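Accompanying notes for the structure given below.
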Amino acid sequence: MRSLFTRGFTLLLLGQISSLIGNYTLKFALSMYVLEVTGSASVFAGLLAAGIVPTILLSPFGGVLADRLDRRRLMVALDALSGLAVLLAGLLLPLGGIPVIGGLLIVLSVLGAFESPTVQACVPQLLPPEQLLRGNALVSQTAALAGLITPFLGSLVYTAFGLHPVLRVTAVCFFLTALLECFLRLPSHRREDRPCSIPAMLRADLGESLRFLCREEPSILKLLLLAALASLFVAGVAVVGFPYLVRTVLGLSAEHYGAAESVMGAAAILGSLTAGVLGQRFRARWLAGLLMGFGLCLLPAGLSFLLPLGPFPRYLVMVAAFAACQLGCSLFSTCAITLIQARTPERLMGKVMSCVFTLSLCAQPLGQLIYGGLFDHFSIAPHWVLLPTGLLVCALAAASAPLFGSLERP
Numbered sequence: 303m304r305s306l307f308t309r310g311f312t313l314l315l316l317g318q319i320s321s322l323i324g325n326y327t328l329k330f331a332l333s334m335y336v337l338e339v340t341g342s343a344s345v346f347a348g349l350l351a352a353g354i355v356p357t358i359l360l361s362p363f364g365g366v367l368a369d370r371l372d373r374r375r376l377m378v379a380l381d382a383l384s385g386l387a388v389l390l391a392g393l394l395l396p397l398g399g400i401p402v403i404g405g406l407l408i409v410l411s412v413l414g415a416f417e418s419p420t421v422q423a424c425v426p427q428l429l430p431p432e433q434l435l436r437g438n439a440l441v442s443q444t445a446a447l448a449g450l451i452t453p454f455l456g457s458l459v460y461t462a463f464g465l466h467p468v469l470r471v472t473a474v475c476f477f478l479t480a481l482l483e484c485f486l487r488l489p490s491h492r493r494e495d496r497p498c499s500i501p502a503m504l505r506a507d508l509g510e511s512l513r514f515l516c517r518e519e520p521s522i523l524k525l526l527l528l529a530a531l532a533s534l535f536v537a538g539v540a541v542v543g544f545p546y547l548v549r550t551v552l553g554l555s556a557e558h559y560g561a562a563e564s565v566m567g568a569a570a571i572l573g574s575l576t577a578g579v580l581g582q583r584f585r586a587r588w589l590a591g592l593l594m595g596f597g598l599c600l601l602p603a604g605l606s607f608l609l610p611l612g613p614f615p616r617y618l619v620m621v622a623a624f625a626a627c628q629l630g631c632s633l634f635s636t637c638a639i640t641l642i643q644a645r646t647p648e649r650l651m652g653k654v655m656s657c658v659f660t661l662s663l664c665a666q667p668l669g670q671l672i673y674g675g676l677f678d679h680f681s682i683a684p685h686w687v688l689l690p691t692g693l694l695v696c697a698l699a700a701a702s703a704p705l706f707g708s709l710e711r712p
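Next up, the structure:
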């Protein structure tokens with residue numbers, strides 16, 4: 303078996319480490335800056351929403367570019383532009399902090415819409431099929447580890463030195479990523495089509511990818527829709543519900559929530575490690591069990607609010623339940639992406655990966671809005687949210703078992 307750490311994949315992974323450290327540190331510092339300046343959670347939420355809309359709208363076009371252009375040059379240009387945008391924001395910050403931060407988030411969102419499908423399309427281009435699951439698992443581990451350590455590092459740097467040094471460090475991370483990507487050597491994949499206008503090219507490429515998903519591989523489209531639906535529940539219950547339950551319903555401190563986030567970050571790393579260890583032994587039908595496990599984990603979290611327990615015992619039950627959910631979600635997403643990549647032709651890889659990214663992003667804000675309203679309405683009885691959601695996810699997993707079985711057939 304060929305080694306996983308080929309020269310190209312190692313360079314891609316090192317570039318992702320640098321980029322993720324810069325991205326996560328910047329996002330943490332910007333959140334602290336905006337909340338300190340405005341004291342308004344709604345302003346901060348509005349900025350985040352404004353930042354995610356371009357990514358949702360432009361990701362399909364990012365997939366087209368990833369399949370049409372040289373992916374190495376595209377990644378180099380996007381990371382270099384990200385570094386320049388951060389440096390420019392640092393220069394303009396004295397002129398108006400909040401508008402500049404909002405503009406920076408939008409610019410980075412636009413660039414990220416083109417970069418994410420490009421990076422995802424590069425992984426199967428750099429690795430043989432038998433190493434694809436381990437490679438995706440390692441990429442997931444890198445992201446989870448960066449998300450685990452960078453908030454702590456970002457808080458130290460921001461508290462000690464302020465926002466400007468964080469911006470400079472982030473720019474260096476982006477430029478370093480671009481430099482590493484300069485040394486990538488990717489097999490040629492560009493299409494030699496006749497010259498045509500940009501609208502005609504977009505229509506042709508997007509039409510081709512839709513025909514592939516709807517006619518040639520409808521199972522992939524069903525998997526994408528299922529993953530988006532699962533993302534709706536995850537974003538709603540875990541991203542909105544868990545911090546709300548810890549801080550507001552149970553009345554525990556920020557330290558309790560931070561400790562829980564660290565536990566869930568470690569669980570995410572363990573999930574991607576498990577995917578790497580399983581490798582070729584993993585079977586698509588197991589994904590139904592992972593989805594079922596997510597629903598089952600919500601049941602003890604909901605039952606803890608029915609039993610005569612104090613805040614801290616309920617907190618412990620929820621941390622254990624949501625950590626198990628995080629482990630399963632990490633394993634599910636890594637294996638699902640690998641399945642999609644393995645069944646997608648190289649010429650369509652960027653566009654299909656952009657569909658994965660777009661559907662997931664569309665589901666997340668919808669889930670956050672729905673579950674934000676539900677948890678507000680049932681704040682004194684959150685089991686009415688957790689228990690039905692757990693049962694609904696279990697039913698979804700049972701109904702999707704035939705789909706996962708069909709994905710094992712070539």
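Residue numbers (the numbering used here): 303 to 712. Note that CB positions come from ideal geometry on N, CA and C, so glycine has one too. Note that the structure is a prediction, hence the values are computed from the model and not measured.
Practice problem: Could you check which residue in LEU689, ALA530, GLN427 and LEU515 has the C-alpha nearest to that of MET620? | Solution: LEU689
Self-check item: Nearest to ALA623 (by Cα), restricted to the options GLU518, VAL579 and GLY595
Solution: GLY595
Quiz item: Distance, Cα to Cα, ILE571 vs VAL536?
Solution: 17 Å
Quiz item: If we ignore side chains and look at the alpha-carbon of each, how far apart do LEU589 and VAL654 end up?
Solution: 20 Å
Self-check item: ALA700 burial status per 10 Å Cβ neighbour count (16 or more: buried)
Solution: exposed
Quiz item: For the alpha helix (DSSP H) that THR691 lies in, which residues bound it at each end?
Solution: 685-708
Quiz item: Measuring CB to CB, does SER656 end up less than 9 Å from SER442?
Solution: no
Practice problem: Could you check the C-alpha separation between ALA548 and ALA562 for me, to the nearest Å? | Solution: According to the sequence shown, residue 548 is Val rather than Ala. C-alpha separation (whole angstroms): 9 Å.
Quiz item: So what's PHE584 in DSSP terms, helix, strand or just coil?
Solution: coil
Quiz item: From LEU440 to PRO610, what distance separates their C-alpha atoms?
Solution: 42 Å
Quiz item: What did DSSP end up calling PRO426 once you bin it into helix, strand or coil?
Solution: helix
Practice problem: Count the C-beta pairs between the region 521-533 and the region 631-646 that are closer than 8 Å, then say yes if the count reaches three, no if not. | Solution: yes
Quiz item: Which residues in the same chain as ALA703 place their Cβ atom closer than 6 Å to its Cβ, once the five residues preceding and following it in sequence are excluded?
Solution: ALA590
Quiz item: Can you round the beta-carbon distance between SER606 and ARG616 to whole angstroms, since I take them to be within the 8 Å contact cut?
Solution: 4 Å
Quiz item: How would you call PRO684, buried or exposed, if buried means at least 16 neighbouring beta carbons within 10 angstroms?
Solution: buried
Quiz prompt | Endpoints, alpha helix (DSSP H) assigned at PHE477 | solution = 465-484
Quiz prompt | As assigned by DSSP and simplified to three states, the class of GLY612 | solution = coil
Quiz item: For ARG309, which residues of its own chain have a beta-carbon under 6 Å away from its beta-carbon, when the five flanking residues on both sides are left out?
Solution: none
Quiz prompt | Residue of PRO613, CYS424, VAL539 and ARG583 minimising C-alpha distance to VAL551 | solution = PRO613
Exercise. To the nearest angstrom, report how far apart LEU332 and GLU518 are at their CA atoms.
Key: 44 Å
Quiz item: In the structure shown, what three-state DSSP assignment does SER606 receive?
Solution: coil
Quiz item: For the alpha helix (DSSP H) that SER521 lies in, which residues bound it at each end?
Solution: 520-536
Quiz item: Does the distance from the CB of PHE485 to the CB of GLY385 come in under 9 Å?
Solution: no
Quiz item: Is THR691 closer than 9 Å to VAL539 when the C-beta atoms are compared?
Solution: yes
Exercise. In angstroms with no decimal places, state the Cα-to-Cα distance between VAL339 and PHE584.
Key: 49 Å
Self-check item: 9 Å Cβ cutoff, GLN666 in contact with chain C
Solution: Checking the listed chains, one finds no chain C in this structure; it contains a single protein chain.
Quiz item: Could you give the distance in angstroms between the alpha-carbon of ALA255 and the alpha-carbon of ALA532?
Solution: In the structure as shown, the chain begins at 303 and stops at 712. Residue 255 is therefore absent and cannot be evaluated.
Quiz item: Would the region 357-371 and the region 416-430 be scored as touching if the rule is three or more Cβ pairs under 8 Å?
Solution: yes
Exercise. With a cut-off of 8 Å on the beta carbons, I'd call SER361 and THR479 a contact; round off their distance for me.
Key: Going by Cβ atoms, the distance from SER361 to THR479 rounds to 20 Å, so no, they are not a contact pair.
Quiz item: For LEU394, which residues of its own chain have a beta-carbon under 7 Å away from its beta-carbon, when the five flanking residues on both sides are left out?
Solution: VAL402
Exercise. Give the C-beta separation of ALA586 and LEU641 to the nearest angstrom, bearing in mind that I take them to be a contact with Cβ-Cβ under 8 Å.
Key: 6 Å
Self-check item: Same chain only: Cβ atoms within 7 Å of LEU380, ignoring 5 sequence neighbours per side
Solution: LEU413, PHE416 and GLU417
Quiz item: Applying the criterion that 16 or more other CB atoms from any shown protein chain within 10 Å of the CB defines a buried residue, is CYS516 buried or exposed?
Solution: exposed
Practice problem: Throw me the rounded Cβ distance for the LEU676 and VAL658 pair, which I believe falls under 8 Å. | Solution: Between VAL658 and LEU676 the Cβ distance is about 27 Å, and since that is not below 8 Å, they are no contact.
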